[in-house]
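In what follows, a structure is listed as structure tokens, so that the remarks can point back to it.
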């Protein structure tokens, strides 16, 4: 219900694939474009999650609204900032994280997603045991010409210069 109306990004996935496969590599080498696309990915994921959470977790979000509009909330935030190890600060942090995790759980590379993944990794380790070996399909970095080029571009501060 209404899922088709939620934004999915500033560019369609087909357009992004087309730009990244462009013949001369001008889009895939443009750091500003890559960072902007990643930023949009995170923002639109947050918008979609917030829109869905507003219908499924209305009481939790109402609790957040009441908490944020309270007179003492700003004072307690400042007190927690000044003394982060106090029991009141830890309690405030725990209550806010519990509420905010409703929205932040599936946003790519967010702290909530990392925290959500840790128990899954622990369960896999418990079920399958400690890994005995590690397999990677990545080629050795010292032989990759592209990485050497990136290193030189970074050293010369010439990321988006025309060649």
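Residue numbers (full-length UniProt numbering): 1 to 163.
For every residue, glycine included, the Cβ atom is placed at its ideal position computed from N, Cα and C.
DSSP state of residue i mapped onto helix, strand, coil
i	result
residue 148	helix
residue 26	coil
residue 65	helix
residue 165	The structure shown does not extend to residue 165, since the chain is modelled only from 1 to 163, so the question has no answer here.
Buried versus exposed, by CB contacts within 10 Å (16 or more), residue i
i	result
residue 49	buried
residue 45	buried
Residue i to residue j span [Cα, whole Å]
i	j	result
residue 69	residue 144	54 Å
residue 66	residue 31	41 Å
residue 78	residue 100	19 Å
residue 73	residue 95	12 Å
residue 60	residue 154	46 Å
residue 2	residue 52	For residue 2, the predicted structure reports a pLDDT of 47, less than 50, and the residue's modelled location is therefore unreliable. A value from the coordinates is still provided. Between residue 2 and residue 52, the C-alpha separation is close to 9 Å.
residue 158	residue 149	11 Å
Residue range of the alpha helix (DSSP H) that includes residue i
i	result
residue 14	13-20
residue 10	Unbroken run through residue 10: none, as it is neither H nor E.
residue 132	Element bounds for residue 132: n/a, residue is neither H nor E.
residue 39	31-56
residue 72	71-82
Any C-beta of chain C under 8 Å from that of residue i
i	result
residue 76	Among the chains of the structure shown, chain C does not appear; only one protein chain is present.
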